[in-house]
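Going by this note's numbering, the letters in the sequence shown line up with residues 30 to 364, in that order.
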Amino acid sequence: MARAAGVSVASVSRVLNGLPATEEMAERVRRAVEELGYVPDARARSLKVGRTFQLTLAVADVGNPVYVTMMRAVEEVVSAAGYRLVVTTTGPDVVDEVALVRGMARGYADGLVISPLRVDDDLIKSIRECDVPVVVAGNVPARAGVDTVRANSPKGMLLAVEHLLAKGRRRIAFVNGPVDTVPGSARAKGFREAMKANELQAVGEVEAADFTFAAGRAAGKELLGESAYEAGSRGDGPAATARLDAVICANDLLAVGIMHELGARGLAVPAEVAVIGMDDSELAEQSFPPLTSVNLGSAERGRRAAELLLARIEDDSRPPRRIVVQPTLSVRSST
C-alpha cells in the first residue's frame, strides 16, 4: 500500500485512521486504496488503536418517531467521524437502563448516548463509573458530572398555551404520560406554570399509562368521560362553561390517540376541540388533520449529543457541558 501510494507506512496509517494529513498525502493514499481494492481489517485496527470505532445509542422505544429522528441525527454525525452506530432499546424500566450502562464495560463500543426515560441514583452512579464516555440526551442532575443535552419542555408548554389563547381557546385540558418519567415530570411542571402565568385553570388533567397511541386513546376515554366535557355537552347550564375546547398532549403519539377518540365521539378537530402535541415528529404531519406540535429539537439534540460524545472520546479531561435546546411551535390544522 505504501509503495503504491508513494508515501511511508506511517503516512498510510495516519490517513486510514483519520489522523491529520496533508491533502496531497490523503489523495495518494485514497487513490492507492481504490487501485488495490484494499479493505481494512476492523478487528486488527481495533486491537491496534484500542478502539472499536463503534458507538451506542440507547433509547426507551425504537418505535417512537421522536427517537427515530434523534437516531438519524446521531448516525449522521458519528458516521462522518468514521464510527458505526448501534441502536438499542432499554424499555421503560430504570433497572434495564442501569444494566445497559454497566454492560458497556464489555468493550463493544467506545461511547454511549443514552436517552433515559427514568432516572434514579443507581443510574447516575453507573453513568459516573462507566468505563466509556457517556452523554445523556435528557435531564440528569448536575452532580452526575456528565455531558447532557436536554429540551426546554416548560418553554414548549408556554408556546402551546399561548398559541391556544391566541386562537380564543381558554378551556384547556392536559394529557401527560407517566409523571415519574423525565419527560412526564418536566411537561407536567411546564403545563402548570404556563397555565398559571396566563391566569388559567385546567379543565382536566389525565396521566396516561405510557407515551403511546393506545395510551392516548385510553386517556381520551378518561378525559372525555369527566364532567369537564360530558356535563357541558348535556345542556346550557353552568356546567357548559367548563366544557373543554382544547387539549395539550405530552407527545404526538398521545395527541393522535386523543384525536381518534374525539373523532369516535363525533367531535370535530379543531372546530370543537383543538389539539396540540409535543415532539413535532413525522407523525404530526402524517396525522389527519395534521397536528400542531411543539418541536423540542430532537434532531438538534441528537446532533449535539453526538458531537459531545466525539469530543469526550478525544479529550476525557474537559469539563462536562449541559446544553439546552430551545423549542419552536409548528402550527398545523389541528388548532
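Here a beta-carbon is modelled for each residue, glycine too, at the ideal position from N, C-alpha and C.
Limits of the unbroken alpha helix (DSSP H) element including residue i
| i | result |
| --- | --- |
| residue 58 | 52-65 |
| residue 366 | With the chain represented from 30 up to 364, any question about residue 366 goes unanswered, as that position is not in the structure. |
| residue 95 | 94-109 |
| residue 243 | 242-253 |
| residue 334 | 327-343 |
| residue 228 | No alpha helix (DSSP H) contains residue 228, which DSSP labels as neither H nor E. |
| residue 312 | 311-315 |
8 Å CB neighbourhood of residue i in its chain, flanking five on each side removed
| i | result |
| --- | --- |
| residue 281 | 94, 95, 306, 307, 308, 309, 310, 312, 313, 316, 320 and 322 |
| residue 354 | 178, 179, 180, 181, 325, 326, 329, 330 and 333 |
| residue 361 | 313, 314, 318, 319, 320, 321 and 322 |
Close Cβ partners of residue i (< 7 Å) along its chain, the five nearest in sequence each way excluded
| i | result |
| --- | --- |
| residue 242 | 282, 285 and 286 |
| residue 229 | 199 and 201 |
| residue 161 | 133, 138, 139, 140 and 141 |
| residue 131 | 155 |
Pair within 8 Å by beta-carbon distance, residue i and residue j
| i | j | result |
| --- | --- | --- |
| residue 334 | residue 166 | yes |
| residue 186 | residue 159 | no |
| residue 238 | residue 244 | yes |
| residue 168 | residue 211 | yes |
| residue 219 | residue 183 | yes |
| residue 91 | residue 116 | yes |
| residue 83 | residue 173 | no |
| residue 279 | residue 341 | no |
| residue 276 | residue 224 | no |
| residue 246 | residue 289 | yes |
| residue 188 | residue 358 | yes |
Counted within 10 angstroms of its Cβ, other Cβ atoms place residue i as buried (16 or more) or exposed
| i | result |
| --- | --- |
| residue 356 | buried |
| residue 87 | buried |
| residue 291 | buried |
| residue 85 | buried |
| residue 274 | buried |
| residue 267 | Only weak support exists for where residue 267 lies, its pLDDT of 37 falling under 50; the value from the coordinates is given anyway. Exposed, because fewer than 16 other Cβ atoms sit within 10 Å of the Cβ of residue 267. |
| residue 128 | exposed |
| residue 348 | exposed |
| residue 365 | The first residue shown for the chain is 30 and the last is 364, placing residue 365 beyond what the model contains. |
| residue 112 | buried |
| residue 51 | exposed |
| residue 35 | exposed |
| residue 295 | exposed |
| residue 65 | exposed |
| residue 135 | exposed |
| residue 109 | exposed |
| residue 249 | buried |
| residue 89 | buried |
| residue 345 | exposed |
| residue 102 | buried |
Contact set for residue i: own chain, Cβ-Cβ below 6 Å, skip 5 residues either direction
| i | result |
| --- | --- |
| residue 363 | 298, 299, 304, 318, 320 and 321 |
| residue 207 | 213 |
| residue 126 | 119, 145 and 152 |
| residue 164 | 142, 176, 334, 337 and 338 |
| residue 234 | 203 |
| residue 99 | 327 and 331 |
| residue 351 | 177 |
| residue 251 | 235 |
| residue 150 | none |
Residue i: first and last residue of the uninterrupted beta strand (DSSP E) it sits in
| i | result |
| --- | --- |
| residue 236 | 233-236 |
| residue 84 | 83-88 |
| residue 141 | 140-143 |
| residue 321 | 321-324 |
| residue 351 | 351-354 |
Distance cut-off 7 Å: residue i Cβ against heavy atoms of the ligand SAH
| i | result |
| --- | --- |
| residue 201 | As far as ligands go, the structure on display features none, and thus does not contain the ligand SAH. |
Cutoff 8 Å: residue i Cβ touching any chain B Cβ
| i | result |
| --- | --- |
| residue 55 | The chain labelled as chain B is not found in the depicted structure, where only one protein chain is given. |
Worksheet item: Which runs of the alpha helix (DSSP H) fall wholly inside the region 272-306 and span at least 4 residues, in chain order?
Response: 281-293
Discussion item. Threshold first: 3 residues or longer. Then list the beta strand (DSSP E) segments lying entirely within the region 152-222, N to C.
Written reply: 163-166, 176-180 and 201-205
Worksheet entry | Start-end ranges of the beta strand (DSSP E) lying completely within the region 113-137, minimum 3 residues | 113-118
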